[in-house]
Every structure is written in structure tokens, then in C-alpha cells.
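Heads up, the thing below is written out as C-alpha cells.
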Amino acid sequence: MMDERADTLVLVIDDEASIRDGCAQVLEKSGYRVLTTGEGLAGIQIARQEKPAVVFVDLKMPSISGMEVIDILSKDNPDMVLVIITGYASIITAVEAMKKGAYDYFPKPFTPDQLRAVTKRCIEHRSLAMETRRLRKEKEQVQQNFITFVSHEMRSPLATIQQYMEALTVIAGESLNSEGKEIVERCNRRLQSLCELVEHWLDISRIEAGIFNRKMESVNLSSLILKSIDELSALCRQCELSVTTEIAEGLPGIEGDEESLIRVFVNIIGNAAKYTPAGGRISISAGQDEYYVTASVSDTGIGIAPDKIPVIFEPFYRVKTKGDTQKGSGLGLTFCRKIVEAHEGTIDVTSVEGEGTTFTVCFPRGHSRR
Amino acid sequence: MTVKKKILLIDDDKDFLMATKFILESGGYEVFLAEDGKTGIEMVKEVRPDLAIVDMMMETWGEGFNVVSKVRSSEGGKELPLIILSAVDLQGPYQSFEPSDEFPRVDMVLHKPIKADELLRSADRLIK
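Chains as they are written, first to last, in the numbering used here: chain A, 2 to 371; chain B, 11 to 138.
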């Protein structure tokens, strides 16, 4: 305990020599290291150089006031505990000092016991505050490390397995019988959804950690939609679905990241394809008003039960219906909503069971072409 | 008999090396493997490959760039066709890497996993 105190520096800034000497005597006797000065500016300089644990500052001093010293020092170093000492203690000055960053105020005159008690309390407060800051920083670091860890430790093996599947197809693809080929195909599909899950999870984590920083540029909604449809054309043909578009001409640009927005539309249109029986129709429209650019994706699919609508954007929720064979990441719509919200947009859904579902995405018009 | 063209693969993921080797061998190439950057740089001098494929993410992010820099400044490495592989980019999965003044010149960037036909086409094109 004594050793610890010898490392603990207390600075006393007071123009009254008797207070300085008295404080120094009491605190040194308790084992603290003490520095004193009678002048505010000198005090600030000493505090910056020596980084004391606790600083006692007199409120009334000739050149610079105690309040100003507190104001400056509190911005300097969060690990320094500042205490006002004053012969004119009032609630008003106390509140003001606290507002400026003082931890406490201390009325004069005081006894050695009171000084020791206050100093001890200040030091305890300081260790707690430092510990809290350290833990908070550590928590942020852990979160960041986890994202980095997942992105490497999950993507790498996935990429390697996919590369082996490629190698297998090259080496043995021709000699496999139809069952073998189907197994390879099914493995590839499951791998693909696992990759999507990891990517969605990473994007969501990045947005939540505030480190989502994609390119933000003026992007064209109609070209986004057409690119998304293009990606899904094979799936729609396979599912025997017709896709129609009705995109207003001259849509203004929106500020955004093209790749992530394409992912959003691929997700929504892909969902429509998954949940619409063969022979159905997916219609996509886009338009604008004074403030917003809006796109809607409607299908003639199985629809969503009213009680399920509020939860479909929740992570890992998937509408379970009889004979549901759909495989998804369970993060697709969560991803869509996070991305849309990161673009200051909204995503909404209306649905009638057995008739179909409409997803509507709405973005503010881009600044550059307003 | 024609002499097979040589490709050097540098990646610290042994399985990825194997998988990629199978694909490249199916295209008629002789494939050499290095599991770390240091070995890779030595093998550039010994093997004199016609193409090197380097993983960007070895041990620490950017290790691949150090390897590329050292290859570029080594004897015979200046004109060696180079493909850099990226699996993880810290900004997001869809962002592509653009070589700039800060980074050594690479001839191509491919994203893991690589489709067999894309890998073979790229190798054919760079080796000619």
C-alpha cells in the first residue's frame, strides 16, 4: 500500500502558503508524493509534465481562477482527478466546478483527516474510472478482433473447400455418374449459402460496429434493378416465373454503394422467386416523388401470415410453412434492412396469404442530382 | 515433347495450394508450391517460373504484397507475370483491389475461391 502511494502524485495549487504546506505535510506523511504551487498557470504546466493522480485547486487565486484551471486540465487528461478547494463553498460554485470536470469540491478550512479521506476517495475513483475506460476499450477491441477473426478464419476454409470442389469437378467431373454430379452440385449450393451467411453476418456486424464504409457514390436505381434481375434470370427461368418491370424514366440518382444495393435487390427478388409457385409472376416497379425514390417487388407467391410480418427482418428468422424446402441464410432480410438503413432508406412489406407479397424500398433522392 | 510451363503458387493454406495445383495441372502446367513468403521468394530464383500466384493474406494482411515487392526487385522477377489472390479484404467482400503507386505492380487480382476455368484462362493469358 505504501509503495503504491509513493507512486501516487498529488498536486496542490493554492495561493495560500499555509494551505500548500499543510496539505503537503499531511499527504507526504500518508506516503503520497506531493508537489505544490501558488499559481494557476504554473500548476497547469506542472500537471502536464508530471501527470499527477489528484489535483487540488483553490477556487480564488490572483491571476487565473481555479475554475479556469479545472476547465483546462479536465480536457487535458481524463485520468487526472480534479478537486476544488474553496473558502466560499456554495452549491452554485460546486455545481459549476463539477460541470467543468471537477470530481468534487472541498470547503476550507479542513482537518488532516478530512484531507486524507478525500484524497483516498479520489484515488479510488480514479482507479475505477481508469478500469472502466480500459474495459470499454477492450470490449470494442474484442468486437473488432472478432469481426476480423471471423472474416479470415471462416472465409479461408470456405474458399479452400470451394476450391477443392472446383478441383474435384476438373479431375473427376466427367467420370461421375448423374448421382455423383448431383452430390457435387448440392455441396456447391450448400457451400454457397454458407458463404452468403458469413458475408451477411459480417456486413451486419460492420454496420453495428459503425465500421461499414463502402464507397458512397451516385448510383442509378434502374440499372441496379436490371443488374439484379440479370443475376436471377436463370433461377426465375428454372422456377418458371415471369418477371416484368415498370421503371419510370429519368429516375434521379441515390447516394449509395452499388454492390451492397445490388445484394439487397438480389435478396428481395430472390425471395420472391423462392416463395412463388411455378407459373407465377414477379413485378418490379420503380418511381419517384419530390423527396424519395421508391422501388417495389411484388410476387404472386404464398404470402406471409400477418403475425409473422413483424419478425421477418429479425436475424435467423425464417417463415416455416409445410413442405418448406427453402434454404436461406436466415440473415438475408436482416442484411437488407441494415443496408437500406445505412443508406438512410426504409424497407417495408405488405402481404396477403395465398395471394402474394410486396416489398417496398424507399431512398432519399441523391444530393448531387436534386 | 514440349516443355511444360512452370507456375509457382505461394500461399500459407496448404489445402488451398493442393486444390489449386490439381486445377493447374489439369491445364498442363508444372506446378511448384511454397507455403510461406520466404520460401516463395527463394523458389522464384531457383525454379524460374513462367507465372507466380501469390496469396495476399498470409499471416498478416499484406504479407503477399511484401512477397510481390521482393520478387519484383529480385533478379528475373521484374517481368515475371504475377497474380495476387485476395480472400479477405477489410473493406468488404465486393471491393476489388486496384494496384497503385504504393503497391507493387501485379498483373491480375483474383478472388478466392477461383473458378477452374477462370484460373486456367487467366494463366493461359498471362503465360501466352
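Every residue, glycine too, gets a C-beta built ideally from N, C-alpha and C.
- Message: Once the 5 residues before and after A/Phe-107 are set aside, which same chain residues still bring their CB inside 6 Å of it?
- Response: Translated into the one-based positions of the first sequence, residue 107 of chain A becomes position 106. Val-84, Ile-86 and Val-119, listed in sequence order.
- Message: Determine, for A/Ala-235, whether the minimum Cβ-Cβ distance to residues of chain B falls below 9 Å.
- Response: As a working mapping, residue 235 of chain A is identified with position 234 in the first sequence. Judged by the 9 Å Cβ criterion, A/Ala-235 is not in contact with chain B.
- Task: Check the Cβ of B/Thr-12 against every Cβ in chain A and list those closer than 7 Å, keeping chain order.
- Result: Start at 1 with the first residue of the second sequence, and residue 12 of chain B comes out as number 2. Those within 7 Å of B/Thr-12 in chain A number zero; the least Cβ separation is about 21 Å.
- Query: Is the stretch 25-39 of chain B touching the stretch 164-174 of chain A in the sense that three or more CB pairs, one from each, lie closer than 8 Å?
  - Reply: yes
- Contained beta strand (DSSP E) runs [length at least 3] in the stretch 104-187 of chain A, N- to C-terminal order: 105-108
- Query: How is B/Lys-31 classed by DSSP in three states: helix, strand or coil?
  - Reply: As a first step, residue 31 of chain B is located in the second sequence; it is residue number 21 there, counting from the start. Three-state result, B/Lys-31: helix.
- For the stretch 21-40 of chain B, enumerate the residues whose C-beta is nearer than 7 Å to any C-beta of chain A, in chain order. Asp-23, Asp-25, Phe-26, Ala-29, Thr-30, Phe-32, Ile-33 and Ser-36
- Query: If you measure from the beta carbon of B/Lys-15 to each beta carbon in chain A, is any gap under 9 Å?
  - Reply: The residue labelled residue 15 of chain B in the question sits at position 5 within the second sequence. Output row for B/Lys-15: interface = no.
- Task: Compute the beta-carbon to beta-carbon distance between A/Leu-332 and A/His-201, rounded to the nearest angstrom, for a pair I have assumed lies under 8 Å.
- Result: Taking the first residue of the first sequence as position 1, residue 332 of chain A is located at position 331. Taking the first residue of the first sequence as position 1, residue 201 of chain A is located at position 200. At roughly 4 Å, the Cβ-Cβ gap stays under 8 Å, so A/Leu-332 and A/His-201 are in contact.
- Message: Judging by CA-CA distance, which residue of A/Pro-113, A/Met-68, A/Asp-77 and A/Pro-253 is the nearest neighbour of A/Tyr-293?
- Response: Against the first sequence, residue 293 of chain A aligns to sequence position 292. If we check each option's Cα against that of A/Tyr-293, A/Pro-253 comes out closest.
- Message: Quick check: is the beta carbon of A/Leu-74 nearer than 9 Å to any beta carbon in chain B?
- Response: For the purposes of this step, residue 74 of chain A is taken as the residue at position 73 of the first sequence. Not an interface residue.
- Listing by chain order, which chain A residues have their CB less than 8 Å from the CB of B/Ile-124? Sequence index remark: in the second sequence, residue 124 of chain B carries index 114 (1-based). Under the 8 Å cutoff, chain A gives Gln-164 and Glu-167.
- Query: Is it true that the CB of B/Leu-136 sits closer than 9 Å to the CB of B/Asp-117?
  - Reply: Mapped onto the second sequence, residue 117 of chain B falls at position 107. Mapped onto the second sequence, residue 136 of chain B falls at position 126. It is a contact, given that the beta carbons lie within the stated cut-off.
- Message: Buried or exposed for A/Asn-178, going by 16 or more other Cβ atoms inside 10 Å?
- Response: As a working mapping, residue 178 of chain A is identified with position 177 in the first sequence. Looking at its Cβ environment, which holds fewer than 16 other Cβ atoms inside 10 Å, A/Asn-178 is exposed.
- When DSSP labels each residue in this structure, what does A/Thr-277 get in the three-state scheme? For this step, residue 277 of chain A is matched to residue 276 along the first sequence. A/Thr-277 falls in the coil class under three-state DSSP.
- Of all the options A/Val-220, A/Asp-258, A/Ile-172 and A/Ala-160, which has the alpha carbon lying nearest to the alpha carbon of A/Leu-192? Looking up residue 192 of chain A in the first sequence gives position 191. That would be A/Ala-160, whose Cα lies nearest to the Cα of A/Leu-192.
- Task: Examine chain A for any beta-carbon lying closer than 9 Å to the beta-carbon of B/Leu-43, and answer yes or no.
- Result: Here residue 43 of chain B refers to the residue found at position 33 of the second sequence. No, because no Cβ of chain A sits closer than 9 Å to the Cβ of B/Leu-43.
- What are the start and end residues of the alpha helix (DSSP H) that includes B/Met-118? The residue given as residue 118 of chain B occupies position 108 in the second sequence. It is not in any alpha helix (DSSP H) - B/Met-118 instead sits in the beta strand (DSSP E) that spans 118-121.
- Which same chain residues, not among the five before or five after A/Phe-57, have their C-beta less than 6 Å away from its C-beta? Stepping through the first sequence from its first residue, residue 57 of chain A is reached at position 56. Counting only Cβ-Cβ distances below 6 Å, and skipping sequence neighbours, we find Val-13, Val-84 and Ile-86.
- Message: Spatial neighbours of A/Val-185 within its chain, please: C-beta separation below 8 Å, excluding the five flanking residues on both sides.
- Response: Walking along the first sequence from the start, residue 185 of chain A turns up at place 184. So the qualifying residues of the chain are Met-166, Leu-169, Thr-170, Gly-174 and Leu-177.
- Message: I'd like to know whether the C-beta atoms of B/Val-5 and B/Gly-87 end up nearer to each other than 9 Å.
- Response: Chain B is shown from 11 up to 138; residue 5 of chain B falls before or after that span and cannot be answered.
- Distance, Cα to Cα, A/Ala-235 vs B/Lys-80? In the first sequence, residue 235 of chain A corresponds to position 234, counting from 1. In the second sequence, residue 80 of chain B corresponds to position 70, counting from 1. When rounded, the distance between both Cα atoms is 45 Å.
- Message: Strictly by DSSP, which residues pair up with B/Asp-65?
- Response: Mapped onto the second sequence, residue 65 of chain B falls at position 55. B/Leu-95, per the DSSP bridge assignment.
- Ordered along the chain, which non-local residues of its own chain (more than five positions away) have a Cβ less than 7 Å from that of A/Cys-337? The residue you call residue 337 of chain A lines up with position 336 of the first sequence. If we look at A/Cys-337 and ignore the five residues flanking it on each side, its Cβ neighbours are Val-265, Asn-268, Ile-269 and Ile-348.
- Taking only beta-carbon positions, decide if A/Thr-335 is within less than 9 Å of chain B. Here the question's residue 335 of chain A lines up with position 334 in the first sequence. Cβ-Cβ to chain B under 9 Å: no for A/Thr-335.
- DSSP state of A/Lys-216 mapped onto helix, strand, coil: Here residue 216 of chain A refers to the residue found at position 215 of the first sequence. It is coil, neither helix nor strand.
- Query: Along chain B, which residues have their Cβ under 8 Å away from the Cβ of A/Ala-160?
  - Reply: Your numbering for residue 160 of chain A matches position 159 in the first sequence. Here the neighbours are Phe-26, Ala-97, Lys-122 and Pro-123.
- Item | Spatial distance of A/Glu-259 from A/Thr-361 (CA atoms) | Locating residue 259 of chain A in the first sequence gives position 258, counting from the first residue. Locating residue 361 of chain A in the first sequence gives position 360, counting from the first residue. So the alpha carbons of these two residues sit roughly 18 Å apart.
- Item | Cutoff 9 Å: A/Val-143 Cβ touching any chain B Cβ | One-based indexing of the first sequence puts residue 143 of chain A at position 142. For A/Val-143, the answer is no, since every Cβ of chain B falls outside 9 Å of its Cβ.
- Message: Can you look up A/Asp-204 in the DSSP assignment and give me helix, strand or coil?
- Response: The residue you call residue 204 of chain A lines up with position 203 of the first sequence. Of the three classes helix, strand and coil, the one that applies to A/Asp-204 here is helix, per DSSP.
- Item | Alpha carbon of A/Asp-290 to alpha carbon of A/Lys-216, nearest angstrom | Position 289 of the first sequence, counted from the first residue, corresponds to residue 290 of chain A. Position 215 of the first sequence, counted from the first residue, corresponds to residue 216 of chain A. Each residue's Cα considered, the two are about 25 Å apart.
- Task: Taking the CB atoms as reference points, tell me whether A/Leu-242 and A/Ala-274 lie closer together than 9 Å.
- Result: Position 241 of the first sequence, counted from the first residue, corresponds to residue 242 of chain A. Position 273 of the first sequence, counted from the first residue, corresponds to residue 274 of chain A. Yes, they are a contact pair.
- Please say whether A/Asn-78 and A/Lys-52 have beta carbons closer to each other than 9 Å? Your numbering for residue 52 of chain A matches position 51 in the first sequence. Your numbering for residue 78 of chain A matches position 77 in the first sequence. Cβ distance < 9 Å, so A/Lys-52 and A/Asn-78 count as in contact.
- Message: Determine, for A/Ile-71, whether the minimum Cβ-Cβ distance to residues of chain B falls below 9 Å.
- Response: Taking the first residue of the first sequence as 1, we reach residue 71 of chain A at position 70. False, the Cβ-Cβ gap to chain B never drops below 9 Å.
- Task: Under 8 Å between beta-carbons, which chain B residues line up against A/Ile-172? List them in chain order, please.
- Result: Numbered from 1 along the first sequence, position 171 holds the residue referred to as residue 172 of chain A. Ordered by position in chain B, the residues that pass the 8 Å Cβ test against A/Ile-172 are Phe-32 and Ser-36.
- Item | Spatial distance of A/Pro-311 from A/Ser-352 (CA atoms) | The residue given as residue 311 of chain A occupies position 310 in the first sequence. The residue given as residue 352 of chain A occupies position 351 in the first sequence. Approximately 11 Å, taken between the alpha carbons.
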